[in-house]
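Residue numbering for the sequence shown follows our numbering, beginning at 28 and increasing consecutively.
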Amino acid sequence: MKRDWKDVTHFLLLFKLATLTIAACASTCASSYKKKRKNLENQVNMKCHKESMTGIKNSKKP
(Lines of atoms letter the chains of each structure in order from A and count residues from 1; the text may use other names and numbers.)
(Lines give C-alpha, C1' and ligand atoms only; values in the text may rest on other atoms or scores of the structure.)
Protein backbone atom coordinates (compact mmCIF):
# COMPACT_ATOMS: atom_id res chain seq x y z
CA MET A 1 0.00 0.00 0.00
CA LYS A 2 1.75 3.10 -1.26
CA ARG A 3 0.88 6.48 0.16
CA ASP A 4 0.91 9.56 -1.92
CA TRP A 5 2.78 12.53 -0.41
CA LYS A 6 -0.17 14.78 -1.22
CA ASP A 7 -2.39 12.65 1.02
CA VAL A 8 0.11 12.78 3.87
CA THR A 9 0.58 16.54 3.53
CA HIS A 10 -3.19 17.04 3.32
CA PHE A 11 -3.70 14.96 6.46
CA LEU A 12 -1.00 16.87 8.35
CA LEU A 13 -2.48 20.22 7.36
CA LEU A 14 -5.95 19.12 8.49
CA PHE A 15 -4.51 17.78 11.74
CA LYS A 16 -2.69 21.07 12.35
CA LEU A 17 -5.83 23.06 11.60
CA ALA A 18 -7.89 20.90 13.96
CA THR A 19 -5.27 21.28 16.70
CA LEU A 20 -5.16 25.05 16.31
CA THR A 21 -8.96 25.23 16.35
CA ILE A 22 -9.17 23.20 19.55
CA ALA A 23 -6.43 25.31 21.15
CA ALA A 24 -8.23 28.54 20.21
CA CYS A 25 -11.50 27.21 21.62
CA ALA A 26 -9.85 26.17 24.86
CA SER A 27 -8.16 29.54 25.19
CA THR A 28 -11.43 31.39 24.62
CA CYS A 29 -13.27 29.19 27.13
CA ALA A 30 -10.55 29.69 29.75
CA SER A 31 -10.57 33.44 29.23
CA SER A 32 -14.36 33.58 29.54
CA TYR A 33 -14.27 31.43 32.70
CA LYS A 34 -11.62 33.67 34.27
CA LYS A 35 -13.68 36.80 33.54
CA LYS A 36 -16.85 35.27 35.02
CA ARG A 37 -14.99 34.05 38.09
CA LYS A 38 -13.35 37.45 38.63
CA ASN A 39 -16.73 39.16 38.24
CA LEU A 40 -18.30 36.84 40.83
CA GLU A 41 -15.41 37.42 43.23
CA ASN A 42 -15.84 41.17 42.86
CA GLN A 43 -19.58 40.90 43.54
CA VAL A 44 -18.97 38.83 46.67
CA ASN A 45 -16.28 41.24 47.88
CA MET A 46 -18.56 44.24 47.34
CA LYS A 47 -21.41 42.52 49.20
CA CYS A 48 -19.11 41.64 52.11
CA HIS A 49 -17.74 45.18 52.15
CA LYS A 50 -21.26 46.70 52.22
CA GLU A 51 -22.33 44.33 54.99
CA SER A 52 -19.26 45.12 57.05
CA MET A 53 -19.79 48.87 56.54
CA THR A 54 -23.43 48.69 57.65
CA GLY A 55 -22.31 46.56 60.60
CA ILE A 56 -19.81 49.25 61.59
CA LYS A 57 -22.42 52.02 61.24
CA ASN A 58 -24.93 50.07 63.35
CA SER A 59 -22.39 49.25 66.04
CA LYS A 60 -21.45 52.94 66.49
CA LYS A 61 -25.00 53.87 67.45
CA PRO A 62 -25.50 54.05 71.24
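Each residue gets a CB set at the ideal place from its N, CA and C atoms; glycine is no exception.
CA-CA distance, residue i and residue j?
i	j	result
I49	T36	20 angstroms
H76	T55	31 angstroms
D31	L47	25 angstroms
R64	Q70	10 angstroms
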